[in-house]
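S.K.: So that we are looking at the same thing, I have put the structure below in structure tokens.
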Amino acid sequence: MQRYTINDFNRNYPDEDACLERLRNRRYPDGSTCEKCERETKYHRDSGRRSYSCQWCGHHVHPTAGTIFHKSTTSLRLWFYAIYKMASTRCGISAKQLERELGVTYKTAWRMFRQIRKMLTDDDNQRLSGTVEADETYVGGRRRGTNAGVPAKTVTRLPFSGWQSVRGGYPLP
Ligand SMILES: [Zn+2]
């Protein structure tokens with residue numbers, strides 16, 4: 002079984018834009034209906050902002066709205082990395098370790114730790130209770146070797162997919 006490694010993480014999330022794009026794709030996929038003009042649309046990135054615009058009416062969408070990332074000055078990439086670390090260790094990493102690895106203050110690390118842990122455990126307890134595939138696919142996306150549109154045999158467990166489905170109306174990504 003392939004593990005989801007730091008190399009996979011770096012490839013999937015090379016920079017801030019890739020992280021934001023990931024959130025946007027979960028929440029506002031291209032081809033979805035614009036909530037304002039109600040046409041099928043693609044979204045264009047607004048330069049210098051964490052938002053996108055509808056290709057037709059220019060309606061702005063903010064993929065981080067309502068998520069633990071919103072209003073945080075910590076970069077999305079550090080957040081994603083912290084999620085990756087916590088998911089792959091099943092929260093076996095401490096806030097102190099996060100502080101060291103992320104190069105943030107302890108206060109910031111502790112706040113991130115708390116929010117991520119809550120998200121991961123609220124999500125669906127069985128996600129963290131010994132599912133073998135959690136390690137490799139938690140932050141990963143589609144498993145390698147599967148075809149687009151064909152679900153992999155083991156369901157991909159993105160924290161990002163969990164955020165949207167549970168707890169009535171928890172804001173996507
Ligand atoms: Zn629109």
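Under my numbering, the first residue of the sequence shown is numbered 2, with each subsequent residue one higher. Every residue gets a Cβ at the ideal spot worked out from N, C-alpha and C, and that includes glycine.
#1: Using alpha carbons as the reference points, say which of R118, N26, E41 and Q98 lies closest to W57.
#2: Let me make sure I understand the geometry here. Which of F81, M120 and A96 has the alpha-carbon closest to that of N11?
#3: Taking Cβ to Cβ, would you say L121 is nearer than 9 Å to V105?
#4: Starting from S54 and walking both ways along the alpha helix (DSSP H), at which residues does that stretch end?
#5: Report the option in S76, T109, K72 and R115 whose CA atom is closest to the CA atom of G93.
#6: Should R118 and M87 be called a contact, given that it needs their Cβ atoms to be closer than 9 Å?
#7: Kindly indicate the opening and closing residues of the beta strand (DSSP E) around Y44.
#8: Could you have a look at E41 and say whether DSSP puts it in helix, strand or coil?
#9: Is any non-hydrogen atom of ligand 1 found closer than 8 Å to the C-beta of Q42, if you look at the structure I gave you?
#10: Any chance the CB of W57 is under 8 Å from a heavy atom of ligand 1?
#11: In the DSSP output, what is V62 paired with across the bridge?
#12: Starting from E36, trace the alpha helix (DSSP H) in both directions and tell me its first and last residue.
#13: For F70, which of D9, N8 and R25 has the nearest alpha-carbon?
#14: Where does I84 land, buried or exposed, given buried means 16+ other C-beta within 10 angstroms?
M.R.: With the structure as the only source:
#1: Comparing Cα-Cα distances from W57 to each of R118, N26, E41 and Q98, the minimum goes to E41.
#2: Looking only at F81, M120 and A96, the smallest Cα-Cα distance to N11 is reached by F81.
#3: no
#4: No alpha helix (DSSP H) contains S54, which is instead part of the beta strand (DSSP E) from Y53 to C55.
#5: Nearest Cα to G93 within the set S76, T109, K72 and R115: R115.
#6: yes
#7: Y44 to R46
#8: strand
#9: The amino acid at residue 42 is misidentified as Gln; the sequence shows Thr. Distance from the C-beta of T42 to the nearest heavy atom of ligand 1 is below 8 Å.
#10: yes
#11: Y53
#12: That residue, E36, is in no alpha helix (DSSP H); it is neither H nor E in DSSP.
#13: R25
#14: With 16 or more Cβ atoms within 10 Å of its Cβ, I84 is classed as buried.
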